[in-house]
Amino acid sequence: MRPPHHLRRLLPLTLLAPLTLAPTDPTPAPAAPRAALHRTDGRAVPGHYIVTLRQGTSPRALTTRLGVTPDTVYQHALLGFAAPLTPGQLDAVRRSPDVRSVEEDAVLRQSSVPVRPSTPVRDSAGPAASWGLDRVDQRRLPLDGRFAVTGTGAGVTAYVVDTGIDYRHPEFGGRAREGVDLVDPNGHGSDCLTGSGHGTHVAGIIGGGEHGIARKVTLVSVRVLDCEGTTSASRFVAGLDWVAQHAGPASVLNASLNGPYSAATNASVAAVADRGVPPVVSAGNAQPSTAATDACANSPGSAPGAVVVGATDRDDRMTSFSDWGSCLRLLAPGLDIVSARAGGGTATKSGTSQAAPHVTGVAALYKAAHPDASVRTVTEWLEKQATQGVLSGLRERTPDRLLNTGGL
Numbered sequence: 001m002r003p004p005h006h007l008r009r010l011l012p013l014t015l016l017a018p019l020t021l022a023p024t025d026p027t028p029a030p031a032a033p034r035a036a037l038h039r040t041d042g043r044a045v046p047g048h049y050i051v052t053l054r055q056g057t058s059p060r061a062l063t064t065r066l067g068v069t070p071d072t073v074y075q076h077a078l079l080g081f082a083a084p085l086t087p088g089q090l091d092a093v094r095r096s097p098d099v100r101s102v103e104e105d106a107v108l109r110q111s112s113v114p115v116r117p118s119t120p121v122r123d124s125a126g127p128a129a130s131w132g133l134d135r136v137d138q139r140r141l142p143l144d145g146r147f148a149v150t151g152t153g154a155g156v157t158a159y160v161v162d163t164g165i166d167y168r169h170p171e172f173g174g175r176a177r178e179g180v181d182l183v184d185p186n187g188h189g190s191d192c193l194t195g196s197g198h199g200t201h202v203a204g205i206i207g208g209g210e211h212g213i214a215r216k217v218t219l220v221s222v223r224v225l226d227c228e229g230t231t232s233a234s235r236f237v238a239g240l241d242w243v244a245q246h247a248g249p250a251s252v253l254n255a256s257l258n259g260p261y262s263a264a265t266n267a268s269v270a271a272v273a274d275r276g277v278p279p280v281v282s283a284g285n286a287q288p289s290t291a292a293t294d295a296c297a298n299s300p301g302s303a304p305g306a307v308v309v310g311a312t313d314r315d316d317r318m319t320s321f322s323d324w325g326s327c328l329r330l331l332a333p334g335l336d337i338v339s340a341r342a343g344g345g346t347a348t349k350s351g352t353s354q355a356a357p358h359v360t361g362v363a364a365l366y367k368a369a370h371p372d373a374s375v376r377t378v379t380e381w382l383e384k385q386a387t388q389g390v391l392s393g394l395r396e397r398t399p400d401r402l403l404n405t406g407g408l
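So the sequence shown is numbered by UniProt numbering: it starts at 1 and just counts up by one.
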């Protein structure tokens, strides 16, 4: 007996149903892919990692869900967090679909070479208190003993990412102030009077009343380096994150520190640049056990958008300690530079740490005249105004450009 017509139409589907539900592949589903883990080429911070998240992810919600306690959360220059992670936590973080990448935290250091003894405070303000100032306002040697600029940097804020600033030093005339202190919650961003004094020296070159380029600029301390000039990539990124949150258009940034290549560091520097703040960074220095190297191999020397600066001596030679290469934008005085000493008086220091703030000061002069200028415009102006054809000792792929104030 044939089934009724309405059942005949359903019969093929009924017969096929068991075949459709039958398993076709007994092989287990592959494990979810894990986010890449980037090992540092330098000295790692043991068990500590920087985690970059995908857009739209809440760092707090993710860390809570994974049972991770972050010591830093990034939301402006980078979306992510830094945290100590056990091997099990590291694996869980890497398996999360919300995680873009994970990298080992690494040690960074200031970009100065051993300091020379301090000298007393000068009784009178000479316009060329440092040979570096004298060199960048003229095209050719010999030096004329003067520092001649018409700009002052008034209205511009220079963020000094360093060991802090000695706010009471007479060089600054009340223009230096606290931004954030990521080393000591009670330190107020002040420099260590018994440490290297690195940040005060750098700030003095940028905007000191006697030893600075832009003598009316506002100097803001973003303290990420400890008293000995050491920090971590995660803390440096936290400083950049703070600047990205607070900086206005009439701003510049100086970071005279370096470490091994770090994608998170480079992304954070690029984010600051994207917000219109020129990030001027030191190229890096030779270490006691190693020769100078290609700045493209370090961070932030390899960061997109960074104005990377190498160092020269009084004879327009590239210094032997300066890192080199195509990532440099220009060079500036960096040997035996006199500037403010933490605790009063002056000190003489050398390094690409001292070269970079010369450029930051000139960038501040330009920003004062053109507050809405993009980072690209500022960088192109610095390159165009640089003196060419005077440098010697340039190493492979290093540009022949010496900083000049360009008549500002």
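The C-beta atom is built at its ideal place from N, Cα and C for all residues, glycine as well.
Query, Result
"How long is the line joining the alpha carbons of leucine 225 and leucine 143, rounded to whole angstroms?", "34 Å"
"Could you spell out where the beta strand (DSSP E) holding alanine 355 opens and where it closes?", "Segment 352–369 is the alpha helix (DSSP H) holding alanine 355; no beta strand (DSSP E) there."
"Am I right that leucine 403 and alanine 340 are in contact with their C-beta atoms under 8 Å? What's the rounded C-beta distance?", "20 Å between Cβ atoms; not a contact."
"Within a Cβ cutoff of 7 Å, which residues of the same chain sit near valine 390, ignoring the five residues on either side of it in sequence?", "Arg140, Asp316 and Leu402"
"Span of the beta strand (DSSP E) holding glutamine 110?", "99–110"
"DSSP three-state call for valine 237: helix, strand or coil?", "helix"
"Taking the C-alpha atoms as reference points, what is the distance between arginine 100 and valine 308?", "27 Å"
"Starting from valine 73, trace the alpha helix (DSSP H) both ways and give me its first and last residue.", "Careful: valine 73 lies outside any alpha helix (DSSP H), inside the beta strand (DSSP E) at 72–74."
"Roughly how many angstroms separate the alpha carbons of arginine 43 and glycine 259, rounded to a whole number?", "9 Å"
"Need the endpoints of the beta strand (DSSP E) that alanine 264 sits in, please.", "Premise fails: alanine 264 lies in the alpha helix (DSSP H), 263–274, not in any beta strand (DSSP E)."
"Within 10 angstroms of its Cβ, does proline 117 collect 16 or more other Cβ (buried), or is it exposed?", "Summary for proline 117: the model assigns pLDDT 38, below 50, so the residue's position carries little reliability; its value from the coordinates is reported in the next sentence. Its Cβ having fewer than 16 others within 10 Å, proline 117 is exposed."
"Taking the alpha helix (DSSP H) that aspartate 134 belongs to, which residues open and close that run?", "131–136"
"Mind checking whether the beta-carbon of alanine 286 lies closer than 8 Å to any heavy atom of the ligand ADP?", "The ligand ADP is absent from the structure shown, which contains no ligands of any kind."
"Since leucine 90 and threonine 52 are thought to touch, with beta carbons under 8 Å apart, how far apart are those beta carbons, to the nearest angstrom?", "Rounded, the Cβ-Cβ distance is 14 Å, inconsistent with contact."
"Look at the Cβ atom of histidine 246, then the Cβ atom of threonine 200, and state whether they are nearer than 9 Å.", "no"
"Check whether the segment 208–221 touches the segment 157–171, counting contact only when three or more Cβ pairs, one atom from each stretch, lie closer than 8 Å.", "yes"
"Which residues share a DSSP beta bridge with threonine 348?", "Val338"
"Starting from the C-beta of glycine 284, find all residues in its chain whose C-beta is less than 7 Å away, skip the five residues before and the five after it, and write them out in chain order.", "Ser111, Asn258, Ala295, Asn298, Gly301, Asp323 and Thr352"
"I need the DSSP call for proline 59, collapsed to helix, strand or coil.", "helix"
"According to the neighbour-count rule (16 or more other Cβ atoms, all chains shown, within 10 Å of its Cβ), is glutamate 228 buried or exposed?", "exposed"
"Leucine 394: which of Met318, Val102, Asp166 and Val252 sits nearest, CA to CA?", "Met318"
"How would you write the range of the alpha helix (DSSP H) that threonine 377 sits in, first residue to last?", "375–385"
"Extract the residue ranges of the beta strand (DSSP E) inside the segment 200–236, only unbroken runs of 3 or more that lie entirely within it.", "218–223 and 230–232"
"Determine which residues share a DSSP beta bridge with proline 333 and list them.", "Thr312"
"Check whether the segment 153–167 and the segment 367–376 are in contact - that is, three or more C-beta pairs closer than 8 Å.", "yes"
"So for alanine 157, helix, strand or coil by DSSP?", "Sequence check: residue 157 is threonine here, not alanine. Here threonine 157 sits in strand by DSSP."
"Quick one: Cα of valine 102 to Cα of alanine 271, how far?", "18 Å"
"Taking DSSP as the reference, what is the three-state secondary structure of proline 23?", "Note that proline 23 has pLDDT 48, beneath the 50 cutoff, so the model's placement of it is unreliable and the number below is only indicative. Reduced to three states, the DSSP call for proline 23 is coil."
"Less than 6 Å between C-beta atoms, sequence neighbours within five positions excluded: which residues of the same chain meet that for valine 277?", "Ala247, Ser251 and Leu253"
"Arginine 177 lies in the beta strand (DSSP E); which residues open and close that run?", "176–181"
"What residue range is occupied by the uninterrupted alpha helix (DSSP H) comprising valine 45?", "No alpha helix (DSSP H) contains valine 45, which is instead part of the beta strand (DSSP E) from 44–53."
"Taking the alpha-carbon positions, what's the alanine 125 to phenylalanine 147 distance?", "The predicted position of alanine 125 is uncertain, since its pLDDT is 33 and thus under 50; a value taken from the coordinates is nonetheless stated next. The alpha-carbon atoms of alanine 125 and phenylalanine 147 are separated by roughly 11 Å."
"From this set, Trp242, Ile213, Leu66 and Ser256, which residue's C-alpha is nearest threonine 230's C-alpha?", "Ser256"
"Where does alanine 61 land, buried or exposed, given buried means 16+ other C-beta within 10 angstroms?", "exposed"
"Measuring only the C-alpha atoms, how far is glycine 407 from aspartate 137?", "7 Å"
"If contact is defined by three or more beta carbon pairs under 8 Å, each pair taking one atom from either stretch, is the segment 235–243 in contact with the segment 68–83?", "yes"
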